[in-house]
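In order, the protein sequences belong to chains A and B.
Residues are numbered in my numbering as their position in the first sequence, beginning at 1, plus a constant of 1.
Residues are numbered in my numbering as their position in the second sequence, beginning at 1, plus a constant of 52.
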Amino acid sequence: MSAIIKAGAIDGDRFDRSRRIKWIDMEKIESARCFVAGAGALGNEVIKNLVLSGVRSITLVDMDFIVRSNLNRCVLFREEDTLKKTMKADVIAKRAKELNPGIDITPVNSRIEEIDSSCLKNHDVVFGCLDNIGARMHLNAYAYFYGVPYIDGGTDGTTGKIQVVLPPDTPCLQCTTNKTHARILEKRFSCTGQDISIYEPKIPAEITTTSIIAAIQVREGLKILSGKKEYCIRHVCYYNGFLNTFDSFEVSLDPMCPVHLSKFSKSVHPYSHS
Amino acid sequence: MPLRVKVRNAESGATVEMELEGENTIDDIIEGAAGYWEKDAGAYVLRRGKRLLRGQQTVAEAGILNNDELELIPDPEGG
Numbered sequence: 002m003s004a005i006i007k008a009g010a011i012d013g014d015r016f017d018r019s020r021r022i023k024w025i026d027m028e029k030i031e032s033a034r035c036f037v038a039g040a041g042a043l044g045n046e047v048i049k050n051l052v053l054s055g056v057r058s059i060t061l062v063d064m065d066f067i068v069r070s071n072l073n074r075c076v077l078f079r080e081e082d083t084l085k086k087t088m089k090a091d092v093i094a095k096r097a098k099e100l101n102p103g104i105d106i107t108p109v110n111s112r113i114e115e116i117d118s119s120c121l122k123n124h125d126v127v128f129g130c131l132d133n134i135g136a137r138m139h140l141n142a143y144a145y146f147y148g149v150p151y152i153d154g155g156t157d158g159t160t161g162k163i164q165v166v167l168p169p170d171t172p173c174l175q176c177t178t179n180k181t182h183a184r185i186l187e188k189r190f191s192c193t194g195q196d197i198s199i200y201e202p203k204i205p206a207e208i209t210t211t212s213i214i215a216a217i218q219v220r221e222g223l224k225i226l227s228g229k230k231e232y233c234i235r236h237v238c239y240y241n242g243f244l245n246t247f248d249s250f251e252v253s254l255d256p257m258c259p260v261h262l263s264k265f266s267k268s269v270h271p272y273s274h275s
Numbered sequence: 053m054p055l056r057v058k059v060r061n062a063e064s065g066a067t068v069e070m071e072l073e074g075e076n077t078i079d080d081i082i083e084g085a086a087g088y089w090e091k092d093a094g095a096y097v098l099r100r101g102k103r104l105l106r107g108q109q110t111v112a113e114a115g116i117l118n119n120d121e122l123e124l125i126p127d128p129e130g131g
């Protein structure tokens, strides 16, 4: 029996135009489970892009509430959210469902270090949209441990970075760190137990850089979900928004990297920096 | 015998010449250059060609040669 098609069906399909991109596997994207850490500027853009790209199942973790200075770069936040001090993850979950009511998005109001990291293994891709090195190293270590691809984004003013970690084939974030990273990590955690005295510099941020970096994060995620890992950034890409240049660099795997060692021994603290 | 390399500041385009011994580390180069340009406290990486160099590697291990050009790049951590 021959197939029956319906006139006008093309424009009734939300993802018809996406399906026309040959390398995109919409079936896999629609059945994928994505984990997003951080609901700030990058988190807003990454969630927006994932939802509009067809991802239906998302876990979103963030510990923070919305303030007015977020509004220059967070597409899903509104003025009213700042008055109620609403949690970022809750608001994004609500607004993402407005973009596509068919999605299942779970907001978790917590520090990334405080969730049960074993939940990462139930996801297909992890997106890092974080604002500090300590949280990045934590997420990187556990994503690597559970063998889940990790796509990290970072911005500072008009510069940005995307790193793609594909365990066990590529180096991880920890492999790229040096003393300058460790120094910031120590500063941030030098006053444990007193949130108020944690070192938190105000990093310059605006929407155009944020949207570019988040778009590339999601693009790389779509490649992974569509079975096109070999076309992902190898391994880290820097963006200079003032000159509009992109440069990709390779990183060699650090044989002493505690993340790779911890793959075989849980006794090694996964993000210690010796 | 010491090597002499040129380190470029990716943000400003400025360069500085640096003298290195084989046992110096990439961390030493990053800290020396960041200090010279009085960079803000933040994370930086160093590239040689299309490779990022690991902090703990020595100049000899990283294969750095006389007259090489290296670049100091800020590593953005905002989200």
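Where a beta carbon is used, it is the ideal one built from N, C-alpha and C, also for glycine.
Open item on the list: Looking at N179 of chain A: is its Cβ nearer than 9 Å to the Cβ of L124 of chain B?
Closed with: Your numbering for residue 179 of chain A matches position 178 in the first sequence. Your numbering for residue 124 of chain B matches position 72 in the second sequence. Cβ atoms of N179 of chain A and L124 of chain B: not closer than 9 Å.
TODO: Tell whether a beta-carbon distance below 9 Å holds between L102 of chain B and F247 of chain A.
DONE: What you label residue 102 of chain B is simply residue 50 of the second sequence in a count that begins at 1. What you label residue 247 of chain A is simply residue 246 of the first sequence in a count that begins at 1. Note that residue 102 of chain B is Lys in the sequence shown, not Leu. Not closer than 9 Å, so no.
- [ ] Examine the ligand COA and report whether any of its heavy atoms sits within less than 8 Å of the Cβ of T77 of chain B.
- [x] For the ligand COA, the structure offers nothing, since it holds no ligand at all.
Task: Cβ neighbours of L140 of chain A in the same chain (closer than 6 Å, five flanking residues each side left out) - done: Residue numbering aside, residue 140 of chain A sits at position 139 when the first sequence is read from its first letter. Same-chain partners within the cutoff: A38, I113 and G129.
Task: Chain-order list of residues whose beta-carbon lies under 7 Å from that of I25 of chain A (same chain, five-residue window excluded) - done: Your numbering for residue 25 of chain A matches position 24 in the first sequence. For I25 of chain A, where only same-chain residues beyond five positions count, the Cβ hits under 7 Å are S19, L223 and S227.
Task: Whole-angstrom C-beta distance between D91 of chain A and P102 of chain A, which should lie under 8 Å - done: The sequence position of residue 102 of chain A within the first sequence is 101, counting from 1. The sequence position of residue 91 of chain A within the first sequence is 90, counting from 1. Actually they do not touch by this definition, with Cβ atoms about 17 Å apart.
TODO: Could you tell me which residues DSSP puts in a beta bridge with M27 of chain A?
DONE: Position 26 of the first sequence holds residue 27 of chain A. For M27 of chain A, DSSP records no beta bridge to any residue.
TODO: Might you give, ordered along the chain, the residues of its own chain that have their beta carbon closer than 8 Å to the beta carbon of L53 of chain A, omitting 5 neighbours on each side?
DONE: Here residue 53 of chain A refers to the residue found at position 52 when the first sequence is read from its first residue. Once the five neighbours on either side are set aside, the close Cβ partners of L53 of chain A are L100 and N101.
Open item on the list: Would V111 of chain B pass as an interface residue toward chain A - the criterion being a Cβ-Cβ separation below 9 Å?
Closed with: Translated into positions along the second sequence, residue 111 of chain B becomes position 59. Judged by the 9 Å Cβ criterion, V111 of chain B is not in contact with chain A.
TODO: Measure how close the beta-carbons of G131 of chain B and L131 of chain A come, nearest whole angstrom, since I'm counting them as under 8 Å.
DONE: By 1-based counting over the second sequence, the position of residue 131 of chain B is 79. By 1-based counting over the first sequence, the position of residue 131 of chain A is 130. Confirmed, Cβ separation roughly 5 Å.
- [ ] Please name the residue, chosen from B:D80, B:T110 and B:R100, that lies closest to G74 of chain B on a Cα-to-Cα basis.
- [x] Position 22 of the second sequence, counted from the start, is the residue given in the question as residue 74 of chain B. Here the closest residue by C-alpha is B:T110.
Open item on the list: By the three-class DSSP mapping on this structure, what secondary structure does L100 of chain A have?
Closed with: Locating residue 100 of chain A in the first sequence gives position 99, counting from the first residue. In this structure, L100 of chain A counts as helix in the three-state DSSP scheme.
TODO: Identify whether Y147 of chain A lies in helix, strand or coil by the three-state DSSP scheme.
DONE: Numbered from 1 along the first sequence, position 146 holds the residue referred to as residue 147 of chain A. Y147 of chain A falls in the coil class under three-state DSSP.
Open item on the list: Going by beta-carbon coordinates alone, are H236 of chain A and V165 of chain A separated by less than 9 Å?
Closed with: In the first sequence, residue 236 of chain A corresponds to position 235, counting from 1. In the first sequence, residue 165 of chain A corresponds to position 164, counting from 1. Yes, the pair counts as a contact, with Cβ atoms nearer than the cut-off.
TODO: Check the Cβ-Cβ distances between N141 of chain A and every residue of chain B, and say whether any is below 9 Å.
DONE: For the purposes of this step, residue 141 of chain A is taken as the residue at position 140 of the first sequence. No, its Cβ sits nowhere closer than 9 Å to a Cβ of chain B.
Task: Three or more C-beta pairs below 8 Å linking the stretch 149 to 162 of chain A and the stretch 200 to 218 of chain A - done: With the cut-off at 8 Å, the stretch 149 to 162 of chain A and the stretch 200 to 218 of chain A touch.
- [ ] Quick one: measure Cβ to Cβ for A85 of chain B and R100 of chain B, integer angstroms, because I've assumed they're closer than 8 Å.
- [x] Locating residue 85 of chain B in the second sequence gives position 33, where the first residue counts as 1. Locating residue 100 of chain B in the second sequence gives position 48, where the first residue counts as 1. Not quite, the Cβ-Cβ distance comes to about 13 Å (not below 8 Å), so this is no contact.
TODO: Measure how close the beta-carbons of E207 of chain A and N73 of chain A come, nearest whole angstrom, since I'm counting them as under 8 Å.
DONE: For this step, residue 207 of chain A is matched to residue 206 along the first sequence. For this step, residue 73 of chain A is matched to residue 72 along the first sequence. That belief holds up - the Cβ atoms of E207 of chain A and N73 of chain A are roughly 6 Å apart, short of 8 Å.
- [ ] Please confirm if P102 of chain A has its CB atom under 9 Å from at least one CB of chain B.
- [x] The residue labelled residue 102 of chain A in the question sits at position 101 within the first sequence. Chain B contact via Cβ: absent.
Open item on the list: On the DSSP letters alone, give me the boundaries of the alpha helix (DSSP H) that L226 of chain A sits inside.
Closed with: Stepping through the first sequence from its first residue, residue 226 of chain A is reached at position 225. I208 to L226 is the span of the alpha helix (DSSP H), which, as asked, contains L226 of chain A.
Open item on the list: On the CB-based measure, 16 or more other CB atoms within 10 Å of its CB, does T193 of chain A come out buried or exposed?
Closed with: Sequence index remark: in the first sequence, residue 193 of chain A carries index 192 (1-based). With a pLDDT of 42 at T193 of chain A, under the threshold of 50, the modelled position of this residue cannot be trusted, and the question is left open.
TODO: Could you check if R69 of chain A is buried or exposed, using at least 16 other CB atoms within 10 Å of its CB as the buried criterion?
DONE: The count along the first sequence starts at 1 and reaches residue 69 of chain A at position 68. Answer is exposed; the Cβ neighbour count stays below 16.
- [ ] Rank A:M257, A:L174 and A:T160 by C-alpha distance to the C-alpha of S212 of chain A and give the top, closest one.
- [x] Counted from its first residue, the first sequence places residue 212 of chain A at position 211. Relative to the Cα of S212 of chain A, the nearest Cα in the group A:M257, A:L174 and A:T160 belongs to A:T160.
- [ ] Note down, in chain order, every chain A residue with its Cβ under 9 Å from the Cβ of D79 of chain B.
- [x] Reading the second sequence from its first residue, position 27 is the one you call residue 79 of chain B. Those within 9 Å of D79 of chain B in chain A are N179, K180 and T181.
TODO: Return the residues of the stretch 233 to 246 of chain A that lie within a Cβ-Cβ distance of less than 7 Å from chain B, sorted by chain order.
DONE: Within the stretch 233 to 246 of chain A, the qualifying residues are V237 and Y239.
Open item on the list: Going residue by residue through the stretch 29 to 75 of chain A, where are the continuous beta strand (DSSP E) segments of at least 3 residues, counting only ones entirely within it?
Closed with: 34 to 38 and 58 to 63
Open item on the list: My output table needs one value for R21 of chain A: the three-state DSSP class, helix, strand or coil.
Closed with: Counting from one through the first sequence, the residue named residue 21 of chain A turns up at place 20. Coil, per DSSP.
TODO: Return the CA-CA distance between T60 of chain A and C258 of chain A, expressed in angstroms with no decimal places.
DONE: One-based indexing of the first sequence puts residue 60 of chain A at position 59. One-based indexing of the first sequence puts residue 258 of chain A at position 257. If you take the alpha carbons of T60 of chain A and C258 of chain A, they lie about 28 Å apart.
Open item on the list: Taking its Cβ as the centre, do 16 or more other Cβ atoms sit within 10 Å of R15 of chain A, making it buried, or is it exposed?
Closed with: Counted from its first residue, the first sequence places residue 15 of chain A at position 14. That one is exposed.
Open item on the list: Helix, strand or coil for N118 of chain B? Go by DSSP, reduced to three states.
Closed with: Numbered from 1 along the second sequence, position 66 holds the residue referred to as residue 118 of chain B. Of the three classes helix, strand and coil, the one that applies to N118 of chain B here is coil, per DSSP.
Open item on the list: Would T193 of chain A pass as an interface residue toward chain B - the criterion being a Cβ-Cβ separation below 9 Å?
Closed with: Translated into the one-based positions of the first sequence, residue 193 of chain A becomes position 192. Confidence is the limiting factor: at T193 of chain A the pLDDT is only 42, short of 50, which leaves the residue's position unreliable, though a coordinate-based value still follows. Chain B, which has no Cβ nearer than 9 Å to the Cβ of T193 of chain A, makes this no.
Open item on the list: I need the boundaries of the beta strand (DSSP E) containing L55 of chain B, first residue and last residue.
Closed with: For the purposes of this step, residue 55 of chain B is identified with residue 3 of the second sequence, where counting begins at 1. Start and end: L55 to N61.
- [ ] Give the residues of chain B in contact with S132 of chain A, contact being defined as C-beta atoms less than 9 Å apart.
- [x] In the first sequence, the residue the question calls residue 132 of chain A occupies position 131. The identity of residue 132 of chain A in the sequence shown is Asp, whereas the question assumes Ser. Under the 9 Å cutoff, chain B gives E129, G130 and G131.
Task: Alpha carbon of D12 of chain A to alpha carbon of D63 of chain A, nearest angstrom - done: Within the first sequence, numbered from 1, the residue matching residue 12 of chain A stands at position 11. Within the first sequence, numbered from 1, the residue matching residue 63 of chain A stands at position 62. If I take the Cα positions, the gap works out to 36 Å.
Task: Which residues DSSP lists as bridging E83 of chain B, in chain order - done: Taking the first residue of the second sequence as position 1, residue 83 of chain B is located at position 31. Note: E83 of chain B sits in no beta bridge, so no partner.
TODO: Please check if any C-beta of chain A sits within less than 9 Å of the C-beta of P126 of chain B.
DONE: As a working note, residue 126 of chain B is residue 74 in the second sequence. It does; some Cβ of chain A falls within 9 Å.
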